[in-house]
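J.:
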Amino acid sequence: MLAPLAALLLALAPLSAAAPAKPAAKKKRRPAPAAAAKTPRPSRPARHRRRPPEAPRPTDPTAVLWPRRLAPGRWAPDAADSLERLLEYLGEGTTGYSRADPPVAVLMLDGCALTGSPGDALFAKMTAQAAYAFDDAFWKLLPPQYGAASVRAGWLSFKDQPRAVWPKDPNYLLYRKTLHRAYDRLCADAGRRTCARWRVTLYKGLEEAQLQRLAREAVAEGLRRPVAPEPVGDSPDDPSPAEARPALRVIPEMRDLAQKLLARGFDVWAFSLSGQYSATEAARLYGLHPSRVVAVRSKISNGTLTEETLNPVPEAHGLAEAVTMFLGRPPALAVARPEEAPLLDTDDGEGLRVLVAPADGPDAAAARKKGWVVQPPFSPVREP
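Counted the way the numbering used here counts, the sequence shown spans residues 392 to 775.
1) Could you tell me the alpha carbon to alpha carbon distance between A515 and R636, rounded to whole angstroms?
2) Once DSSP output is grouped into helix, strand and coil, what is the label at P361?
3) Starting from the C-beta of P534, find all residues in its chain whose C-beta is less than 8 Å away, skip the five residues before and the five after it, and write them out in chain order.
4) Counting C-beta neighbours from all protein chains within 10 Å, is the total for R688 16 or more, i.e. buried, or is it exposed?
5) Could you check which residue in D575, P733 and A519 has the C-alpha nearest to that of W589?
6) Between the region 462 to 469 and the region 641 to 651, do three or more beta carbon pairs fall short of 8 Å?
7) Let's see if you can read the secondary structure: which residues bound the beta strand (DSSP E) around L341?
8) Which residues mark the beginning and the end of the alpha helix (DSSP H) in which S541 is found?
9) Quick check on the DSSP output: the beta strand (DSSP E) that includes K361 runs from which residue to which?
10) Taking just the CA atoms, how far does L718 sit from R683?
11) Runs of 4 residues minimum, wholly inside the region 465 to 548: which ones carry the alpha helix (DSSP H) assignment?
12) Do you know offhand how far L605's Cα is from M517's?
13) Would you list the one or two residues that DSSP bridges to F662?
14) Out of D738, R728 and E706, which one is the CA nearest neighbour of R720?
15) When the Cβ atoms of the region 744 to 760 are set against those of the region 618 to 633, are three or more pairs found closer than 8 Å?
16) Please look up how many angstroms separate the CB atoms of A496 and L652, rounded, as I've assumed it's under 8 Å.
17) Determine, using beta carbons only, whether K595 and A528 come nearer to each other than 8 Å.
18) Beta-carbon within less than 7 Å of A471's beta-carbon, same chain only, minus the 5 sequence neighbours each way: which residues are those?
19) Where does the unbroken alpha helix (DSSP H) through V591 begin, and where does it stop?
20) Just to confirm my understanding: we take W557, look at its own chain, exclude 5 residues before and 5 after, and list those with CB closer than 7 Å. What are they?
21) Our contact map puts R584 next to E706 with C-beta atoms below 8 Å; I'd like the distance itself, whole angstroms only.
22) For P622, name the three-state secondary structure that DSSP assigns.
23) Identify the residues that DSSP records as bridge partners of T700: which are they?
24) Going by beta carbon distance, what residues of the same chain come within less than 8 Å of D647, once the five residues before and after it are set aside?
25) What separation, rounded to the nearest whole angstrom, lies between the Cα atoms of W660 and R476?
26) Could you give the residue range of the beta strand (DSSP E) that holds G634?
27) Alpha carbon to alpha carbon, what distance is there between S626 and G545?
28) Which whole-angstrom value describes the C-beta separation of L679 and A723, a residue pair presumed to lie in contact below a C-beta threshold of 8 Å?
29) Using a Cβ-Cβ cutoff of less than 6 Å, which residues in the same chain neighbour S508 once the five nearest sequence positions on both sides are dropped?
30) Do L735 and L746 have their C-beta atoms closer together than 8 Å?
31) Please classify W763 as buried or exposed, where buried requires at least 16 neighbouring CB atoms within 10 angstroms.
The structure is reproduced here in structure tokens:
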């Protein structure tokens with residue numbers, strides 16, 4: 392029995408000793424055909440190259456993000472933004488607004504909101520028309536050292552002549568030149584306040600309605616006059632003529648500002664060193680009510696102007712007096728020149744102050760230290 396078993400084991404031994412079978416070899420893949428070489432693209436100019444996107448910049452917290460109200464014009468950027476914020480946050484419908492006690496805005500008129508002076512325009516017209524009340528009291532108002540005798544002598548010589556021949560009458564030319572020269576010398580010697588009051592005292596003896604008519608005509612004519620001063624000589628070839636300044640120009644940006652302030656419910660006032668009547672007629676061009684004009688006022692007796700002027704005169708410390716008397720509180724907005732800086736100083740710390748002065752001048756530097764906004768003066772434009 393062992394013999395057959397041994398024979399079977401011997402038969403199976405070659406099979407178990409054989410080496411294990413090798414796995415089938417993987418098929419080799421054919422290499423892909425070589426791609427055709429690409430033609431290099433020409434380098435593009437630097438301005439056409441893609442630039443990496445810039446990192447987001449933080450937004451300006453003081454930027455005006457709402458639709459602007461002021462018409463595009465010649466405002467300095469910081470002045471325009473400051474005015475836009477004022478109109479947005481203090482206008483009608485904002486928190487704390489009251490129609491019974493609206494925010495106040497004050498615009499200086501002469502040479503600031505308006506090119507020229509309404510008082511100068513009226514003075515030039517009344518001198519040219521010899522429209523004063525030439526009585527004894529009038530002649531006492533002219534300082535003798537400024538040529539009062541020449542003015543009176545000239546007037547006595549031409550007053551009975553027809554008006555049509557006045558422009559060629561040497562006595563009329565002498566009268567007109569001397570009166571303008573006296574006005575300029577008085578202003579240079581005595582200062583703006585005395586000069587403004589003297590100019591108004593010359594209207595004494597005139598009826599109020601008459602002066603209102605003359606002021607209305609002077610303002611209307613001033614808008615059509617050339618901007619340059621008009622020479623006033625005693626002859627066509629006078630080498631040293633005096634100057635008349637009857638020209639006026641509305642500043643569109645200032646008129647737009649006044650209208651936007653009124654539309655937003657502000658109480659808008661105009662201050663002026665001109666007489667009350669000429670300043671009132673000029674303020675009408677900006678849509679302001681006559682009751683909102685503070686200028687040099689004459690005392691009136693029985694409908695006739697007297698030589699007495701009333702306080703306050705809106706100049707120097709008189710500006711602060713006018714704010715106290717007529718407004719009763721500091722204005723939320725004041726726009727003035729360096730000559731009217733006392734108006735800008737009437738501040739409770741929350742108002743906007745705009746100084747109209749050259750941006751690179753000493754007045755502008757001092758204004759910025761106080762937190763005021765500087766707006767360069769507007770050049771005159773042609774009246775539409």
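Where is the CB? At the ideal position from N, CA and C, for every residue including glycine.
In this text the structure is predicted, and so the values were computed from the model without any measurement.
T.: This is what the structure gives:
1) Straight-line Cα distance between these residues: approximately 7 Å.
2) It is not possible to answer for residue 361, since the shown part of the chain is limited to 392 through 775.
3) Closer than 8 Å at Cβ, skipping near neighbours: A573 and L577.
4) For R688, the number of other beta carbons within 10 angstroms of its own is at least 16, and it is reported as buried.
5) W589 has its Cα closest to that of D575, out of D575, P733 and A519.
6) Because the criterion of three Cβ pairs below 8 Å is met, the region 462 to 469 and the region 641 to 651 touch.
7) Any question about residue 341 goes unanswered here, given that the chain covers just 392 to 775.
8) Counting along the chain, the alpha helix (DSSP H) containing S541 begins and ends at A539 to F549.
9) The displayed coordinates of the chain run from 392 to 775. Any statement about residue 361 would go beyond what the structure contains.
10) Just so you know, the alpha carbons of R683 and L718 end up roughly 10 Å apart.
11) Runs of alpha helix (DSSP H) with 4 or more residues, each lying fully within the region 465 to 548, are found at 468 to 481, 509 to 520 and 527 to 531, listed in chain order.
12) Taking the straight line from one Cα to the other gives about 8 Å.
13) M499 and V685, per the DSSP bridge assignment.
14) Comparing C-alpha distances from R720 to each of D738, R728 and E706 shows the shortest one belongs to D738.
15) No, the region 744 to 760 is not in contact with the region 618 to 633.
16) Between A496 and L652, the beta carbon gap of about 5 Å places them in contact (Cβ cut-off 8 Å).
17) It is a contact, given that the beta carbons lie within the stated cut-off.
18) Cβ neighbours of A471 beyond the five flanking positions: L461.
19) Unbroken alpha helix (DSSP H) run through V591: R583 to T592.
20) If the five residues before and after W557 are omitted, its C-beta is found closer than 7 Å to the C-beta atoms of F549 and Y563, all from its own chain and listed in chain order.
21) R584 to E706, Cβ: 5 Å. Contact.
22) P622: strand per DSSP, three-state reduction.
23) Bridge partners of T700: S689.
24) Setting aside the 5 residues that flank it on each side, D647 is surrounded in the same chain by L461, A462 and G464, each with a C-beta closer than 8 Å to its C-beta; the list follows chain order.
25) If I take the Cα positions, the gap works out to 20 Å.
26) What sits at residue 634 in the sequence shown is Glu, not Gly. From DSSP, the beta strand (DSSP E) with E634 extends over A633 to A635.
27) Looking at the two C-alpha atoms, the distance is approximately 14 Å.
28) Not quite, the Cβ-Cβ distance comes to about 16 Å (not below 8 Å), so this is no contact.
29) Cβ within range, chain order: D501 and S665.
30) Contact flag set, yes.
31) When all chains shown are included, W763 counts as buried.
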